[in-house]
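2 protein chains.
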Amino acid sequence: MDRKIVLTIGRQFGSGGRDIGLKLANALGFGYYDKEVVTMAAQESGLCPEVFENADEKVSDRLAYAFSMGFPYMRMFTPHADILSNEGLFKIQSDTIQNLAEKESCVIVGRCADYIMRDHPDCISFFIHNNTEIRIQRILKMHPEITVEQAKGLMAKMDKFRAAYYNYYTNKTWGNAASYHLSVNASVLGIDGTVAYIQQFVKAKYGL
Amino acid sequence: MDRKIVLTIGRQFGSGGRDIGLKLANALGFGYYDKEVVTMAAQESGLCPEVFENADEKVSDRLAYAFSMGFPYMRMFTPHADILSNEGLFKIQSDTIQNLAEKESCVIVGRCADYIMRDHPDCISFFIHNNTEIRIQRILKMHPEITVEQAKGLMAKMDKFRAAYYNYYTNKTWGNAASYHLSVNASVLGIDGTVAYIQQFVKAKYGL
């Protein structure tokens, strides 16, 4: 097939979005990119991978604080240097994502890929969320060393990071239904059921 | 079938959510309730239908203004009487919706039905949105007497009303993906395609 289809997946922390993305890519025979985007951006730019990892789907603490206070505070408190360096890294990562999408049909998790690919004629954007209790259980499975309270804190913090990053780099709102083509609570059909259901959306559009 | 399934549909103004709800109800043989909820609430309470219509999915202008300013302003500016009278009507309408759901499987459009039915074991909540250009075309078809600019204004105003109403009466955020089980941009598969796709979600859960 000559047409390259790009499926992007935004996700709440602990929602199962990563698993769903991977299974979806396997089911469709598409490439799968999550953290891989960061490694590739580092390779392509010649910059140290840690530079990207430290900035990955995060804005700096001061930037995050400014975001939480709203736009006027953002302008007041954000040091120019923070924005410039993060924007430079974002630009490199965007180029990596666009190059990927030219080469093969793929699933890209996070990293504002839906916004970066917004002019791509065959990009479908998904957002995966889940019930709080299920998310906490999933986080505890990933991090058996932490308590339930710590899992709740981590969940809130990671979502806040992702939202701040997304809202800063796009003109959309993270987690807002209108920002994506399809948003699903993965608790209704479970992980595998949700993969199959999302696949139906792609099939209905492209008759794959 | 003894089980009563309740499908609730939140929707952006002009998105096609109403049409999708009606077609979904017909396809599944479920009851369909939109404005009907208002008429029934009036009948059941003995109050004048206009009282409900004036408050339908709206909060008063002062309340809407206060909402737009955020929570502290809401408390400062909202006159107690507004809240009390609107809350009274909301309670009557909630009872109407709960009674409906006891009698038959149904599709209910708007009116915070997802929140009202939150403890119902077989309630699935949907949110329908659409591309701005398509929404404007749909609004112009509904109101051929208005201009494109007026359609844009109406679209923004109606969404604002619905959001203020929803956010006031629920502990959730209107249009936020996490507030619903499934949110779909109806432009991807079109109205009929979206109806069929949503039906798949219900089928996947209940094997209907």
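Protein sequence lines, in the order shown, are assigned to chains A and B. Residue 118 in numbering that gives the first Met the number 0 is what sits at position 119 of the first sequence, and the numbering runs on without skipping anything. Residue 205 in numbering that gives the first Met the number 0 is what sits at position 206 of the second sequence, and the numbering runs on without skipping anything. Every residue gets a Cβ at the ideal spot worked out from N, C-alpha and C, and that includes glycine. Being a predicted model, the structure only gives us computed values, none of them experimental.
Under the three-state DSSP convention, the category residue i falls into
i, result
"T131/B", "helix"
"T7/B", "strand"
"Y167/A", "helix"
"S186/A", "coil"
"D191/A", "helix"
Chain A within 9 Å of residue i, Cβ atoms only
i, result
"Y114/B", "no"
"Q11/B", "yes"
"V183/B", "yes"
"K90/B", "no"
"G206/B", "no"
"Y167/B", "no"
"F51/B", "no"
"A203/B", "yes"
"D18/B", "no"
"F126/B", "yes"
"Y179/B", "yes"
"M73/B", "At M73/B, the pLDDT of 43 sits below 50, so the modelled position is not reliable; the number obtained from the coordinates is stated separately. No, no contact with chain A."
"A195/B", "yes"
8 Å contact criterion, which residue i and residue j should meet: CB distance rounded
i, j, result
"G9/B", "G87/B", "Not really, about 23 Å apart at Cβ, beyond 8 Å."
"V194/A", "A26/A", "6 Å"
"D55/B", "V37/B", "5 Å"
"D126/B", "A176/A", "One detail in the question is off: residue 126/B reads as Phe in this sequence, not Asp. F126/B to A176/A, Cβ: 5 Å. Contact."
"L23/B", "V147/B", "About 30 Å separates the two Cβ atoms, so there is no contact after all."
"G13/B", "I138/B", "4 Å"
"E101/A", "K34/A", "No, E101/A and K34/A are not in contact; Cβ-Cβ is about 21 Å, not under 8 Å."
"Q199/A", "Y196/B", "7 Å"
"L21/A", "V201/A", "Not really, about 15 Å apart at Cβ, beyond 8 Å."
"G15/A", "N129/A", "6 Å"
"Y165/B", "F89/B", "Incorrect: roughly 11 Å between the Cβ atoms, too far for contact."
"I99/B", "Y32/B", "According to the sequence displayed, residue 99/B carries Leu and not Ile. L99/B to Y32/B, Cβ: 6 Å. Contact."
"S182/B", "S182/A", "4 Å"
"A162/A", "G174/A", "7 Å"
Check: residue i C-beta below 8 Å from any heavy atom of the ligand GDP
i, result
"A24/B", "Questions concerning the ligand GDP fall outside what the structure shown contains, since it holds no ligand whatsoever."
Cutoff 9 Å: residue i Cβ touching any chain B Cβ
i, result
"H119/A", "no"
"K159/A", "no"
"G192/A", "yes"
"A155/A", "no"
"V187/A", "yes"
"N175/A", "yes"
"Y164/A", "no"
"Q198/A", "no"
"I123/A", "yes"
"A212/A", "Outside the shown range of chain A (0 to 207) lies residue 212/A, about which nothing can therefore be said."
Closest Cα partner of residue i within the set the options
i, options, result
"A217/B", "G45/B, Y168/B, I135/B and Y167/B", "Residue 217/B is absent from the model: chain B starts at 0 and stops at 207."
"Q42/A", "I127/A, D94/A, G13/A and D18/A", "D94/A"
"C122/B", "G174/B, Y205/B and D18/B", "Y205/B"
"D113/A", "T38/A, F12/A and Q97/A", "Q97/A"
"S104/B", "Y164/B, S182/B, G28/B and I190/B", "G28/B"
"K156/A", "L6/A, Q11/A, D1/A and M116/A", "Q11/A"
"T214/B", "Y179/B, D158/B, Y164/B and K90/B", "Nothing in the structure corresponds to residue 214/B, since chain B is present only between 0 and 207."
"I115/A", "M154/A, L181/A and I91/A", "I91/A"
"G192/B", "S182/A, A203/A and A185/A", "A203/A"
Item to check | Inside the segment 3-57 of chain B only - alpha helix (DSSP H) runs reaching at least 4 residues | outcome: 16-27, 35-44 and 48-54
Checklist entry - Quick one: complete alpha helix (DSSP H) runs, 4+ long, within the segment 85-162 of chain A? => result 112-115 and 131-141
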